[in-house]
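At position 131 of the sequence shown (counting the first as 1) the number is 184 in the working numbering, and the numbers step up by one without a gap.
Just so you know, even glycine gets a beta-carbon here, dropped at the ideal spot from N, CA and C.
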Amino acid sequence: MLNTSRAYTGPLQAVIFDWAGTVLDFGSFAPTQVLVEAFAQCGIAITLAEARVPMGLAKWDHIKAVGQTPSVAARWHAQYAREMNDTDVDHIYALFMPLQIAHVGEFSQPITGAIDTIKQLRGHGLKIGSCTGYPRAVMNTLQPIATQYGFTPDCTIAADDLKAGARPGPWMALANVIELGISHVAACVKVDDTVPGIAEGLNAGMWTVGLAISGNEVGLTENEWLALTPSEQAPLREQATAKLSAAGAHFVIDSIADLPNVITQIEHALAQGQRP
């Protein structure tokens with residue numbers, strides 16, 4: 054009989070990060086601002102909140118999902134007397150891509166604590182992987198900028214790199230496992246600020262950590278967040294935490310700066326024979 058009870062009890066080997074809203078771009082503005090502009094070029098006004106709804110998906114899928122939200126779909130039908138189709142998505146994507154490539158660097162400053170946290174993880178012997186909803190053409194622009202800031206992961210998988218696809222499937226996360234030479238998926242932690250990103254990690258059999266404040270769910274700049282009083286911050290944190298927890302995240306924290314303590318908790322859980 055096949056033995057399926059053997060638990061991985063070794064150490065963590067890798068942390069796999071999302072990019073926007075996780076390591077760079079507090080509030081995840083680069084993809085949303087540009088998406089608003091791309092729709093506007095087609096005569097359709099969308100809000101930042103509408104642009105954020107499907108965040109985490111590959112950008113073609115993201116555009117299609119925005120077009121299928123009831124409010125945007127109604128505006129599209131009023132403008133064109135028909136539903137948005139895949140040809141329309143192709144057209145918006147073609148508008149989106151050069152805009153994203155041109156502007157991605159404007160929003161790519163590291164989130165406070167990100168570079169120090171990653172240095173600490175490396176010092177602990179962990180490999181640093183990454184995957185993203187951005188396509189490869191955008192990453193070709195973003196990665197050199199990130200390197201200047203001190204973020205150079207050991208592996209980066211873009212949303213259009215793999216034939217199988219992107220989030221919420223496990224494939225980008227699992228490609229990191231292969232490229233980094235990780236011996237067990239339970240030795241990996243997936244860190245993300247979106248529901249599809251948490252689903253990606255869970256589908257890959259990894260520990261997952263959601264980021265409630267620095268990413269898409271709150272959707273504020275760091276200065277805007279810090280300008281709020283604690284009583285104003287509390288319901289935003291609660292709502293974002295609840296959404297990521299409901300998605301299945303094993304832990305939810307404010308930002309990457311809070312990650313080292315969670316890594317310690319996960320390593321303790323592994324040592325006790327717990328699995329994600």
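May I ask which residues mark the beginning and end of the alpha helix (DSSP H) holding residue i?
i: S183; result: Element bounds for S183: not the alpha helix (DSSP H) but the beta strand (DSSP E), 180-184.
i: L195; result: 189-202
i: D297; result: Correcting the residue type first, residue 297 is Leu in the shown sequence and not Asp. Counting along the chain, the alpha helix (DSSP H) containing L297 begins and ends at 283-299.
i: A310; result: No alpha helix (DSSP H) holds A310; DSSP gives it neither H nor E.
i: T92; result: According to the sequence provided, residue 92 is Phe. The question's Thr does not apply to it. First-last of the alpha helix (DSSP H) with F92: 83-93.
i: K117; result: 112-121
i: D143; result: 139-156
i: L255; result: 248-256
i: L101; result: 101-105
i: V230; result: 224-233
i: L279; result: 275-280
Excluding the 5 residues preceding and the 5 following residue i in the sequence, name in chain order all residues of the same chain whose CB lies nearer than 8 Å to its CB.
i: R59; result: none
i: E159; result: A83
i: A118; result: V106, P107, L110
i: I235; result: Q66, A67, K180, N229, C241
i: M54; result: Low per-residue confidence applies at M54: pLDDT is 42, beneath 50, and the placement is therefore not dependable, though the value from the model is reported in the following sentence. Excluding positions up to five away in sequence, the list is empty.
Leaving aside the five residues before and after residue i along the sequence, list all residues of the same chain whose C-beta is less than 7 Å from its C-beta, in chain order.
i: A212; result: A111, K112, T185, G186, Y187, P188, A219
i: T62; result: L323, A324, G326
i: L312; result: T170, V244, V262, I306
i: K180; result: Q66, A67, D207, L233
i: T122; result: E103, V106
i: V230; result: V238, C241
i: A302; result: I251, T261, V262, G263
i: E90; result: L152
i: Q132; result: G96, I97
i: L215; result: W224, M225, A228
Looking at the unbroken beta strand (DSSP E) that takes in residue i, where does it start and where does it end?
i: L264; result: 260-264
i: I210; result: 208-210
i: V242; result: 241-245
Quick one: what's residue i bridged to in DSSP?
i: Q77; result: It should be pointed out that residue 77 corresponds to Leu in this sequence rather than to Gln. Note: L77 sits in a beta bridge opposite A73, P163.
i: V271; result: In the DSSP output, where bridge partners are listed per residue, V271 has none listed.
i: V68; result: I181, V242
For residue i, collect the residues of the same chain with a Cβ closer than 6 Å to its Cβ; drop the 5 residues on either side in sequence, then sort them by chain order.
i: F304; result: V262, V315
i: P64; result: none
i: M108; result: T247, N269
i: A300; result: V248, I251
i: E136; result: none
i: L289; result: V271
Quick check on this structure: which residue in the options has the alpha carbon closest to the alpha carbon of residue i?
i: V76; options: C241, Y202, H237; result: Y202
i: A293; options: H156, D214, S308; result: S308
i: G272; options: L215, A134, H321, S81; result: S81
i: N256; options: P329, T209, T274; result: P329
i: M259; options: L289, I319, A190; result: I319
i: T196; options: L174, P163, E277; result: Thr is not the amino acid found at residue 196; the sequence shown has Gln there. Taking only the C-alpha atoms, the option nearest Q196 is P163.
i: A78; options: N138, H115, I198; result: The question names Ala, but residue 78 in the sequence shown is Asp. Closest option to D78, Cα to Cα, is I198.
i: T100; options: I266, I69, S124; result: S124
i: V157; options: W72, T282, S284; result: W72
i: G254; options: L297, R290, N276; result: L297
When you measure from the CB of residue i to every non-hydrogen atom of the ligand ATP, does any distance come out below 8 Å?
i: V262; result: Ligands displayed in this structure: none; no statement on the ligand ATP is therefore possible.
ask   = On the three-pair Cβ rule with 8 Å, is the region 238-258 touching the region 82-99?
value = no
inquiry  = If contact is defined by three or more beta carbon pairs under 8 Å, each pair taking one atom from either stretch, is the region 141-151 in contact with the region 89-96?
reply    = yes
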